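Protein chains: 2
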Amino acid sequence: MKLASLKQGRDGELIVVSRDLKHAVKASGIAPTLQAALDDWANLAPRLQALSDALNSGQAPLSFTFDEGACASPLPRAYQWADGSAYVNHVELVRKARNADMPTSFWQDPLMYQGGSDSFIGPRDPVPLASEDWGIDFEAEVAVITDDVPMGASPEVCADKIRLLMLVNDVSLRGLIPAELAKGFGFFQSKPSSVFSPVAVTPDELGAAWQDGRVHLPLLVTYNQALFGKANAGEDMTFNFPQIIAHAAKTRPLGAGAIIGSGTVSNKQDTEHGSAVAEGGVGYSCIAEVRMIETINTGQPQTAFMKFGDTIRIEMLDAQGQSVFGAIDQQVVAYKG
Amino acid sequence: MKLASLKQGRDGELIVVSRDLKHAVKASGIAPTLQAALDDWANLAPRLQALSDALNSGQAPLSFTFDEGACASPLPRAYQWADGSAYVNHVELVRKARNADMPTSFWQDPLMYQGGSDSFIGPRDPVPLASEDWGIDFEAEVAVITDDVPMGASPEVCADKIRLLMLVNDVSLRGLIPAELAKGFGFFQSKPSSVFSPVAVTPDELGAAWQDGRVHLPLLVTYNQALFGKANAGEDMTFNFPQIIAHAAKTRPLGAGAIIGSGTVSNKQDTEHGSAVAEGGVGYSCIAEVRMIETINTGQPQTAFMKFGDTIRIEMLDAQGQSVFGAIDQQVVAYKG
Numbered sequence: 001m002k003l004a005s006l007k008q009g010r011d012g013e014l015i016v017v018s019r020d021l022k023h024a025v026k027a028s029g030i031a032p033t034l035q036a037a038l039d040d041w042a043n044l045a046p047r048l049q050a051l052s053d054a055l056n057s058g059q060a061p062l063s064f065t066f067d068e069g070a071c072a073s074p075l076p077r078a079y080q081w082a083d084g085s086a087y088v089n090h091v092e093l094v095r096k097a098r099n100a101d102m103p104t105s106f107w108q109d110p111l112m113y114q115g116g117s118d119s120f121i122g123p124r125d126p127v128p129l130a131s132e133d134w135g136i137d138f139e140a141e142v143a144v145i146t147d148d149v150p151m152g153a154s155p156e157v158c159a160d161k162i163r164l165l166m167l168v169n170d171v172s173l174r175g176l177i178p179a180e181l182a183k184g185f186g187f188f189q190s191k192p193s194s195v196f197s198p199v200a201v202t203p204d205e206l207g208a209a210w211q212d213g214r215v216h217l218p219l220l221v222t223y224n225q226a227l228f229g230k231a232n233a234g235e236d237m238t239f240n241f242p243q244i245i246a247h248a249a250k251t252r253p254l255g256a257g258a259i260i261g262s263g264t265v266s267n268k269q270d271t272e273h274g275s276a277v278a279e280g281g282v283g284y285s286c287i288a289e290v291r292m293i294e295t296i297n298t299g300q301p302q303t304a305f306m307k308f309g310d311t312i313r314i315e316m317l318d319a320q321g322q323s324v325f326g327a328i329d330q331q332v333v334a335y336k337g
Numbered sequence: 001m002k003l004a005s006l007k008q009g010r011d012g013e014l015i016v017v018s019r020d021l022k023h024a025v026k027a028s029g030i031a032p033t034l035q036a037a038l039d040d041w042a043n044l045a046p047r048l049q050a051l052s053d054a055l056n057s058g059q060a061p062l063s064f065t066f067d068e069g070a071c072a073s074p075l076p077r078a079y080q081w082a083d084g085s086a087y088v089n090h091v092e093l094v095r096k097a098r099n100a101d102m103p104t105s106f107w108q109d110p111l112m113y114q115g116g117s118d119s120f121i122g123p124r125d126p127v128p129l130a131s132e133d134w135g136i137d138f139e140a141e142v143a144v145i146t147d148d149v150p151m152g153a154s155p156e157v158c159a160d161k162i163r164l165l166m167l168v169n170d171v172s173l174r175g176l177i178p179a180e181l182a183k184g185f186g187f188f189q190s191k192p193s194s195v196f197s198p199v200a201v202t203p204d205e206l207g208a209a210w211q212d213g214r215v216h217l218p219l220l221v222t223y224n225q226a227l228f229g230k231a232n233a234g235e236d237m238t239f240n241f242p243q244i245i246a247h248a249a250k251t252r253p254l255g256a257g258a259i260i261g262s263g264t265v266s267n268k269q270d271t272e273h274g275s276a277v278a279e280g281g282v283g284y285s286c287i288a289e290v291r292m293i294e295t296i297n298t299g300q301p302q303t304a305f306m307k308f309g310d311t312i313r314i315e316m317l318d319a320q321g322q323s324v325f326g327a328i329d330q331q332v333v334a335y336k337g
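Residue numbers (full-length UniProt numbering), protein chains in the order written: chain A, 1 to 337; chain B, 1 to 337.
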């Protein structure tokens, strides 16, 4: 089934969305919010599934036209947002651009950062930021929402705790990252509010594209109306979602509704570090990688980071060309404090 | 007023606690949970205050004996937990022990890490961890809970957004920190679930001890029944709470109920790095600092990290000797997965 949250109050109003994203029906009689559904998933998911079945067969009373623009992020705020960096090509590229070798342990031990989760931005809402000098970048990713995960759970156990999947725009402020990481405590100001796709879907909605804990579909990234990336999220994902979740849960339990991200999707494409769409490749899922390729090739980056007014669209189509999650489609704007 | 959450479900049941921590009354008729109260603070705080006034004057019907052991952390799970490192002496000590100078910028630019907030431990509950080899340590701190804070808010604006204060045991796994920080993305597995005091209090409950955005009272740390630290939380706090909150809100808003921590309380005591209780000083608020002093003085640490069965108690008394927040008092135990 496919779930979304209409904008309402702090946590939105839960709706069930049809497979083709054309219709929706309120699910607030079952659970007022997506978090409430996740808090009691075993009991409530079958009821949501029945409503979804009725909607998809055209038999749900009170259904209405689905509008992605009316959506908040599926969880407008969450108790946990941890982002892995499962596409090690992305990590290698970032480091190579600054002449730093990547430790070989990065192939066995996932990178993960603890994100902030109290103020996500809606999928069609502007991203307000105070300064273009911060080096504004998007990062297109896939994320899962888990059920309760016990501390120390194995990847096998974690695989059974994945309840929903979404897309992510993990907005990053590249200009703030070097100084912040140099302080040693990881990202904070350099990772402002993130954005999630209008719709969260259960793994079964992906059909054969959901295999081995990975989503085997291209992630379409359109920057200022031009295709920027179409990397396949199932390729070069060194750590699958069950492994990333197990990493997050090693020393503490995860609460129902925990969002765990894949990190920026990045394909090597049988080359050393992949190539841009303009070069005939599948392109990239963030500006930083293109700048790194440019730096590796020519000694300096040519592509600028985002300016106010720039737009970013992130979407994933299934084998039939149908949008799976709806689209993140938004503009970066100047923040007037 | 003083608020707490009785253990119940995922978010507890809100109660108002008397100033002397002897009595309590359910506040669920006003707000079912502390998060719900924070979500609509302007409207609900006056009603909670009226209930508090009635309780403190012995006129609250249905009041009952307050039991700290029945409490969850005031917010059993939260949308935001960000921990500063405002006592720069702590940072200097940590670095000195490994022969690393501290950048002078650390005196102007606060260190802060993004914590996980989906699974806090109750103040009297055991802290389950899988291995003593992880270097289990406590960190005694003060934290505030904020209202909504706009992105880019000044410290002056942030000062008016502090709704409640609590104590913290920011459990840390010292053995996992070096490798994790070397990866560059900050703490994750090395910071398991944190613990907060039974009671959260409004700033006015601190009277004259709440000044300049700091709590001017000793933080009593008792380790295995022996006094380990009594550092004054108002001294050597280089950045006050409004400054730390402003740092957290620089590039994104904070949602109501955001928890912002002070970092480990640490006093220099007119010496270079402070001294232990056994040496006549005010001692420390974590084992790591004692080990650092030992390392600085003798070349190697003598005090071991926590073993299963060890207990830690964290409390703060007002000028009259009355416990302000109740006590965190708990045992580290072996986790059986």
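Just so it is clear, CB atoms sit at the ideal spot from N, CA and C, and this is done for glycine as well.
Note that this is a predicted model, so its numbers are computed, not measured.
Ordered along the chain, which non-local residues of its own chain (more than five positions away) have a Cβ less than 7 Å from that of Phe-308/A? The residue labelled residue 308/A in the question sits at position 308 within the first sequence. Excluding residues within five positions, the ones whose Cβ falls inside 7 Å are Glu-132, Val-332, Val-333 and Ala-334.
Using a Cβ-Cβ cutoff of 9 Å, what residues of the segment 21-46 of chain B are near chain A? List them in chain order. Result list: Asp-39.
What did DSSP end up calling Arg-124/A once you bin it into helix, strand or coil? Mapped onto the first sequence, residue 124/A falls at position 124. In the structure shown, Arg-124/A adopts coil according to DSSP, grouped into three states.
Contacts of Arg-77/A in chain B (Cβ-Cβ under 8 Å): Stepping through the first sequence from its first residue, residue 77/A is reached at position 77. Going along chain B in sequence order, the residues near Arg-77/A (Cβ under 8 Å) are Tyr-79 and Gly-255.
Neighbour list for Pro-150/B in chain A, Cβ cutoff strictly below 9 Å: Here residue 150/B is taken as the residue at index 150 of the second sequence, counted from 1. The answer, in chain order, is Gly-337.
Using the Cα positions of Pro-76/B and Leu-254/A, report the straight-line distance between them to the nearest angstrom. For the purposes of this step, residue 76/B is taken as residue 76 along the second sequence, with counting starting at 1. For the purposes of this step, residue 254/A is taken as residue 254 along the first sequence, with counting starting at 1. When rounded, the distance between both Cα atoms is 13 Å.
Contact between the segment 35-53 of chain A and the segment 89-109 of chain A (3+ Cβ pairs under 8 Å): Result no; under three Cβ-Cβ pairs closer than 8 Å.
Apply the 10 Å Cβ neighbour rule to Leu-3/A and answer buried if 16 or more other Cβ atoms are within range, or exposed otherwise. Residue numbering aside, residue 3/A sits at position 3 when the first sequence is read from its first letter. With 16 or more Cβ atoms within 10 Å of its Cβ, Leu-3/A is classed as buried.
Going by alpha carbons, who is nearest to Pro-198/B out of Arg-313/B, Ser-266/B and Asp-39/B? Working through the second sequence from its first residue, we reach residue 198/B at position 198. Selected option, being the one with the closest Cα: Arg-313/B.
DSSP beta-bridge partners of Phe-64/A: The count along the first sequence starts at 1 and reaches residue 64/A at position 64. Paired residue(s): Ala-24/A.
Does the beta-carbon of Ser-275/B have 16 or more other beta-carbons within 10 angstroms, so that it is buried, or is it exposed? Position 275 of the second sequence holds residue 275/B. It is buried - the Cβ of Ser-275/B has at least 16 other Cβ atoms within 10 Å.
Does the beta-carbon distance from Ile-287/B to Phe-305/B come in below 7 Å? Within the second sequence, residue 287/B is the residue found at index 287, counting from 1. Within the second sequence, residue 305/B is the residue found at index 305, counting from 1. Cβ atoms of Ile-287/B and Phe-305/B: closer than 7 Å.
Looking only at DSSP bridge pairs, what is Cys-71/A linked to? Numbered from 1 along the first sequence, position 71 holds the residue referred to as residue 71/A. Paired residue(s): Leu-6/A.
Answer yes or no: does any C-beta atom of chain B fall closer than 7 Å to that of Pro-192/A? Within the first sequence, residue 192/A is the residue found at index 192, counting from 1. By this cut-off, Pro-192/A is an interface position.
Quick one: list the residues of chain A neighbouring Gln-189/B, beta-carbon separation under 7 Å, in chain order. On the second sequence, position 189 is the one that residue 189/B refers to. Those are Lys-250 and Thr-251, listed as they occur along chain A.
If you measure between the beta carbons of Ser-28/B and Leu-14/B, is that distance less than 7 Å? Position 28 of the second sequence holds residue 28/B. Position 14 of the second sequence holds residue 14/B. At a Cβ-Cβ threshold of 7 Å, Ser-28/B and Leu-14/B count as neighbours.
Does the beta-carbon distance from Val-16/B to Leu-44/B come in below 7 Å? Taking the first residue of the second sequence as position 1, residue 16/B is located at position 16. Taking the first residue of the second sequence as position 1, residue 44/B is located at position 44. Not in contact: Val-16/B and Leu-44/B (Cβ atoms no closer than 7 Å).
Is the segment 179-190 of chain A close to the segment 213-226 of chain A, with three or more CB pairs under 8 Å? No, the segment 179-190 of chain A is not in contact with the segment 213-226 of chain A.
Sequence-distant residues of its chain with Cβ nearer than 6 Å to Ile-177/A (five each side left out): Mapped onto the first sequence, residue 177/A falls at position 177. If we look at Ile-177/A and ignore the five residues flanking it on each side, its Cβ neighbours are Ser-190.
Gly-274/B - partner residues in DSSP beta bridges: Against the second sequence, residue 274/B aligns to sequence position 274. DSSP lists no partner for Gly-274/B.
Quick check: is the beta carbon of Lys-161/B nearer than 7 Å to any beta carbon in chain A? The residue given as residue 161/B occupies position 161 in the second sequence. So no, Lys-161/B is outside the interface.
Where does residue 342/B sit, in a helix, a strand or coil, going by DSSP? The requested residue 342/B does not occur in the structure, where chain B is confined to residues 1 to 337.
Exposed or buried, Lys-22/A, counting other C-beta atoms within 10 Å across all chains shown (16 or more means buried)? On the first sequence, position 22 is the one that residue 22/A refers to. Flag for Lys-22/A reads exposed.
Could you pull the DSSP bridge partners for Phe-196/B from this structure? For the purposes of this step, residue 196/B is identified with residue 196 of the second sequence, where counting begins at 1. Answer is Val-168/B, bridged to Phe-196/B.
Between which two residues does the beta strand (DSSP E) carrying Phe-106/B extend? Here residue 106/B refers to the residue found at position 106 when the second sequence is read from its first residue. Membership of Phe-106/B in any beta strand (DSSP E) is not indicated, and neither H nor E is assigned to it by DSSP.
Taking only three categories from DSSP, how would you classify Gly-186/B? What you label residue 186/B is simply residue 186 of the second sequence in a count that begins at 1. Looking at Gly-186/B - three-state DSSP - the assignment turns out to be coil, as it is neither helix nor strand.
Alpha carbon to alpha carbon, how far is Asn-169/A from Ser-194/A? Give it in angstroms, no decimals. The count along the first sequence starts at 1 and reaches residue 194/A at position 194. The count along the first sequence starts at 1 and reaches residue 169/A at position 169. Between Ser-194/A and Asn-169/A, the C-alpha separation is close to 6 Å.
So which residues on chain B does Asp-212/A lean against when the C-beta distance must stay under 7 Å? The residue labelled residue 212/A in the question sits at position 212 within the first sequence. Per Cβ cutoff of 7 Å: no residues; Asp-212/A is ~24 Å from chain B at best.
Using the C-alpha atoms, what's the distance from Ile-259/A back to Thr-146/A? The residue labelled residue 146/A in the question sits at position 146 within the first sequence. The residue labelled residue 259/A in the question sits at position 259 within the first sequence. Roughly 7 Å between the two C-alpha positions.
Measuring only between beta-carbons, confirm whether Ile-183/A sits less than 7 Å from chain B. Within the first sequence, numbered from 1, the residue matching residue 183/A stands at position 183. Reading the sequence as shown, one finds Lys at residue 183/A and not Ile. Yes, Lys-183/A lies at the interface with chain B (some Cβ there is under 7 Å from its Cβ).
Going straight from the alpha carbon of Gly-234/B to that of Gln-35/B, what length do you get? As a working note, residue 234/B is residue 234 in the second sequence. As a working note, residue 35/B is residue 35 in the second sequence. Cα atoms of Gly-234/B and Gln-35/B: separation of roughly 28 Å, rounded to the nearest angstrom.
Of the residues Gln-59/A, Cys-71/A, Ala-86/A and Leu-173/A, the one placed nearest Gly-326/A, counting alpha carbons only: By 1-based counting over the first sequence, the position of residue 326/A is 326. Comparing alpha carbon positions, the residue from Gln-59/A, Cys-71/A, Ala-86/A and Leu-173/A closest to Gly-326/A is Cys-71/A.
I need the boundaries of the alpha helix (DSSP H) containing Trp-41/B, first residue and last residue. By one-based count along the second sequence, residue 41/B stands at place 41. In the DSSP annotation of this structure, the continuous segment of the alpha helix (DSSP H) that includes Trp-41/B starts and ends at 41-56.
For Pro-242/B, does the count of other Cβ atoms within 10 angstroms reach 16, so buried, or fall short, so exposed? Walking along the second sequence from the start, residue 242/B turns up at place 242. Residue burial is scored here from C-beta neighbours: Pro-242/B has at least 16 other C-beta atoms within 10 angstroms and is therefore classed as buried.
Tell me whether Phe-308/B sits in a helix, a strand or coil according to DSSP, three-state version. The residue you call residue 308/B lines up with position 308 of the second sequence. In this structure, Phe-308/B counts as coil in the three-state DSSP scheme.
Option in Ile-244/B, Phe-228/B and Ile-245/B with minimal Cα separation from Ser-266/B: In the second sequence, the residue the question calls residue 266/B occupies position 266. If we check each option's Cα against that of Ser-266/B, Phe-228/B comes out closest.
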